[in-house]
Ligand code: DQA
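Residue numbers (our numbering): 22 to 169.
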């Protein structure tokens with residue numbers, strides 16, 4: 022089973038970016054813990070990051086063969102109809118994740134255009150959101166496999 026993990030804009034700056042909001046772990050630190058969990062769960066993961074909306078759309082369109090997606094669309098969560106439509110277009114379950122609790126923050130972050138096309142959303146657990154997201158994705162993919 023292969024899971025694709027997609028990170029949106031500015032997440033490459035984790036560690037130094039607004040550490041009071043996002044913590045001090047870097048994206049590499051998070052990726053290492055995801056790789057350890059993937060090995061434990063016996064699944065393969067590919068991890069990507071893009072600062073570009075179209076780049077993220079391309080990744081989703083090319084995700085054939087992946088059993089599920091874990092996506093932190095970052096700021097595009099709140100603006101991107103294109104990413105939402107790409108998720109809706111492919112028959113791959115998606116788990117939306119956020120490091121911060123977007124509902125506790127500025128009002129413009131309270132709306133996610135992605136949630137209506139995601140299986141569910143995990144928000145507010147810091148780097149642990151990625152771990153919970155991967156666990157959720159594997160469980161959803163297994164359930165889907167069982168019904169097909
Ligand atoms: C974020 C929340 C978004 O509102 C913000 O634009 C981000 C990161 C998070 O992981 O908490 O870049 O997706």
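For every residue, glycine included, the Cβ atom is placed at its ideal position computed from N, Cα and C.
Values in this document were obtained by computation on a predicted structure and should not be read as measured data.
| Item | Value |
| --- | --- |
| Alpha carbon of residue 101 to alpha carbon of residue 29, nearest angstrom | 11 angstroms |
| C-alpha distance - residue 46 paired with residue 120, whole-angstrom precision | 11 angstroms |
| Residue 35 in three-state terms, based on DSSP | coil |
| Proximity test, residue 130 beta-carbon vs the ligand DQA heavy atom, cut-off 7 angstroms | yes |
| Limits of the unbroken beta strand (DSSP E) element including residue 90 | 89 to 93 |
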